[in-house]
């Protein structure tokens, strides 16, 4: 069975998900408060460096597109992990609307709204990470002849 994503992205769907999953330990460590600033920085940047290394090593047709898709997958995993760890991430109680919005929604509706926005924020974060690393990958592939796709 041929993997349809491989020709255009240069990496199989399981490979995309595997790369995206490299970012999940940071989410868990952050939500549970398990690491300090240095550990968090390593958990942020090491997966991105691995994304770049794999994409450049594989000489994918379009590093930007491939890493954008990896970033989208990461955003989904980020959002799901935040949802699973929601109560642990907020030991003093979940966040609530403030300002003019205080008390305008029933608590259950407010919780759903906040979770939807948190998931959307996670998706955006993943896509932005993918786009930024994809732009770096694209530039490196253009600038360094040994990283270009073989014809």
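Numbering (my numbering), first residue to last: 128 to 278. All C-beta atoms, glycine included, are put in the ideal place defined by N, C-alpha and C. Computed from a predicted model, the values in this text were never measured in an experiment.
Query                                                                                                                                                 : Result
Please classify residue 184 as buried or exposed, where buried requires at least 16 neighbouring CB atoms within 10 angstroms.                        : exposed
Quick check on the burial criterion: 16 or more other C-beta atoms within 10 angstroms. Buried or exposed for residue 177?                            : exposed
State the DSSP-derived secondary structure class of residue 202, mapped to helix, strand or coil.                                                     : helix
How big is the Cα-Cα spacing for residue 182 and residue 257?                                                                                         : 12 angstroms
Rounded to the nearest angstrom, what separates residue 128 and residue 146 at their Cα positions?                                                    : Residue placement at residue 128 is flagged as unreliable, the pLDDT there being 47, under the threshold of 50; the coordinate-derived value follows with that caveat. About 22 angstroms.
Near residue 263, what residues of its chain come up, given a Cβ to Cβ distance below 8 angstroms and the 5 sequence neighbours on each side ignored? : 179
Could you tell me the alpha carbon to alpha carbon distance between residue 265 and residue 136, rounded to whole angstroms?                          : 13 angstroms
How is the alpha helix (DSSP H) around residue 153 delimited, first residue to last?                                                                  : 151-158
Suppose contacts are defined by Cβ-Cβ distances below 7 angstroms. Is residue 253 in contact with residue 202 by that definition?                     : yes
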